[in-house]
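Q:
Residue numbers (our numbering), protein chains in the order written: chain A, 1 to 211; chain B, 1001 to 1058.
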């Protein structure tokens, strides 16, 4: 037993994701174990965590390109159609002197998705290479990606409200563009990717080296 | 997700201000209040306590 105490993995115990009860696993690699209290699936580590997270990260990166190139919304006023991409929305706020809002939209829609993809890719590579480098800091990075993920939805919500509110026929109307679908997909897929990554994998390597 | 939605409403309102006059209604303030109260409720809620009560009853 190490100074920091035995791990649940070494004691073959697993905590239920649904109700939090600590359960004992019958063996090291069992499938279909159930929580005694709520019946939720028990596993020592999230099954196929790295493969799933990689797949989702790559899917999100693929969707990221059309999300930024295609228009997310088109404004029709007096028969004249204006298309907006994510980035031109930021530029619009900047040129109209509303830099705090420009900053909010830039951070939420451009910075956060890139940051999330970068952090998840870094974590995946570092876990796969068996890196022992600063596990506490890497776990903190993971917590950050988990917490900031939903903030990217700001633009999607804004478009939803605009589309619903501005329905004046030929006078003025706002429609969602194909970019919005891809952008929403990026946000949802990166959130699922963060969810499917198991941060305990970061610690397994340093535990293995210590014992 | 509620606080994200509020910021979304804010962005939409500012975008519309270029096209039309916007008068925030009472419901908007009620919605902001709902966000605050809901965030408080979520942070107070402890699922573990519910499981403990269920187990004590069984």
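Every residue gets a Cβ at the ideal spot worked out from N, C-alpha and C, and that includes glycine. In this text the structure is predicted, and so the values were computed from the model without any measurement.
1) Rounded to whole angstroms, what's the CA-CA distance from residue 1013 of chain B to residue 137 of chain A? Just pull it up for me.
2) By the criterion of Cβ-Cβ separation under 8 Å, what are the contact partners of residue 1016 of chain B in chain A?
3) Is it true that the CB of residue 57 of chain A sits closer than 8 Å to the CB of residue 193 of chain A?
4) What is the rounded straight-line gap between the Cα of residue 111 of chain A and the Cα of residue 94 of chain A?
5) Applying the criterion that 16 or more other CB atoms from any shown protein chain within 10 Å of the CB defines a buried residue, is residue 1 of chain A buried or exposed?
6) For residue 128 of chain A, I'd like the list of residues in its chain whose CB is within less than 6 Å of its CB, leaving aside the five on either flank, ordered along the chain.
7) Three or more C-beta pairs closer than 8 Å, one from the stretch 111–125 of chain A and one from the stretch 137–155 of chain A: is that the case here?
8) Quick check: residue 14 of chain A and residue 43 of chain A, are their CB atoms within less than 8 Å of each other?
9) Taking 8 Å as the threshold (beta carbon to beta carbon), is residue 1040 of chain B in contact with chain A?
10) Tell me whether the beta-carbon of residue 183 of chain A lies closer than 8 Å to the beta-carbon of residue 62 of chain A.
11) Let me know the secondary structure DSSP gives residue 1044 of chain B once reduced to three states.
12) Any beta carbon of chain B sitting closer than 8 Å to that of residue 34 of chain A?
13) Hey, does residue 1019 of chain B have any beta-carbon neighbour from chain A nearer than 8 Å?
14) In chain order, which alpha helix (DSSP H) runs of at least 4 residues are fully inside the stretch 119–201 of chain A?
15) For residue 13 of chain A, name the three-state secondary structure that DSSP assigns.
16) How far does the beta strand (DSSP E) with residue 76 of chain A in it extend, from its first residue to its last?
17) Are at least three pairs of beta-carbons, each pair with one atom in the stretch 72–92 of chain A and one in the stretch 171–185 of chain A, less than 8 Å apart?
18) When you compare each of A:165, A:54, A:35, A:23 to residue 117 of chain A by their alpha carbons, which one comes out closest?
19) Quick check on residue 18 of chain A: does DSSP put it in helix, strand or coil?
20) Alpha carbon to alpha carbon, what distance is there between residue 1040 of chain B and residue 26 of chain A?
21) Where does the unbroken alpha helix (DSSP H) through residue 109 of chain A begin, and where does it stop?
22) Considering only residues of the same chain and omitting the five flanking positions on each side of residue 82 of chain A, which have a CB-CB separation below 6 Å?
23) Do residue 170 of chain A and residue 97 of chain A come within 8 Å of each other at the CB atom, strictly closer than that value?
A: Looking at the coordinates:
1) Locating residue 1013 of chain B in the second chain gives position 13, counting from the first residue. Locating residue 137 of chain A in the first chain gives position 137, counting from the first residue. For residue 1013 of chain B and residue 137 of chain A, the distance between alpha carbons rounds to 39 Å.
2) On the second chain, residue 1016 of chain B is found 16 positions in, with the first residue counted as 1. Residues of chain A with a Cβ closer than 8 Å to the Cβ of residue 1016 of chain B are, in chain order, 162, 165, 166.
3) The residue labelled residue 193 of chain A in the question sits at position 193 within the first chain. The residue labelled residue 57 of chain A in the question sits at position 57 within the first chain. For residue 193 of chain A and residue 57 of chain A, yes; Cβs fall inside 8 Å.
4) Taking the first chain and counting its residues from 1, the one referred to as residue 111 of chain A is at position 111. Taking the first chain and counting its residues from 1, the one referred to as residue 94 of chain A is at position 94. Computed Cα separation, rounded: 16 Å.
5) The count along the first chain starts at 1 and reaches residue 1 of chain A at position 1. Note that residue 1 of chain A scores 41 on pLDDT, short of 50, meaning its location in the model is unreliable; the coordinates nonetheless yield the value given after this. Its Cβ having fewer than 16 others within 10 Å, residue 1 of chain A is exposed.
6) Taking the first chain and counting its residues from 1, the one referred to as residue 128 of chain A is at position 128. For residue 128 of chain A, where only same-chain residues beyond five positions count, there are no Cβ hits under 6 Å.
7) Touching, yes.
8) As a working note, residue 14 of chain A is residue 14 in the first chain. As a working note, residue 43 of chain A is residue 43 in the first chain. Contact flag set, yes.
9) Working through the second chain from its first residue, we reach residue 1040 of chain B at position 40. Cβ-Cβ to chain A under 8 Å: no for residue 1040 of chain B.
10) If you number the first chain from 1, residue 183 of chain A lands on position 183. If you number the first chain from 1, residue 62 of chain A lands on position 62. Contact: no.
11) Taking the first residue of the second chain as 1, we reach residue 1044 of chain B at position 44. Correct three-state label for residue 1044 of chain B: helix.
12) Here residue 34 of chain A refers to the residue found at position 34 of the first chain. So, not an interface residue.
13) Translated into positions along the second chain, residue 1019 of chain B becomes position 19. Nearest CB-CB separation between residue 1019 of chain B and chain A: below the 8 Å threshold.
14) 135–148, 154–165, 178–196
15) Here residue 13 of chain A refers to the residue found at position 13 when the first chain is read from its first residue. DSSP places residue 13 of chain A in strand when its eight states are reduced to three.
16) Translated into the one-based positions of the first chain, residue 76 of chain A becomes position 76. Run containing residue 76 of chain A: 73–77, per the beta strand (DSSP E) assignment.
17) yes
18) Residue numbering aside, residue 117 of chain A sits at position 117 when the first chain is read from its first letter. Among A:165, A:54, A:35, A:23, the Cα nearest to that of residue 117 of chain A belongs to A:54.
19) To locate residue 18 of chain A, count along the first chain from 1; it is residue 18. Here residue 18 of chain A sits in coil by DSSP.
20) Here residue 26 of chain A is taken as the residue at index 26 of the first chain, counted from 1. Here residue 1040 of chain B is taken as the residue at index 40 of the second chain, counted from 1. Roughly 40 Å between the two C-alpha positions.
21) One-based indexing of the first chain puts residue 109 of chain A at position 109. Taken as a continuous stretch (DSSP letters only), residue 109 of chain A belongs to no alpha helix (DSSP H), as it is neither H nor E.
22) As a first step, residue 82 of chain A must be located in the first chain, where it is residue number 82. Closer than 6 Å at Cβ, skipping near neighbours: 75.
23) Looking up residue 97 of chain A in the first chain gives position 97. Looking up residue 170 of chain A in the first chain gives position 170. No, they are not a contact pair.
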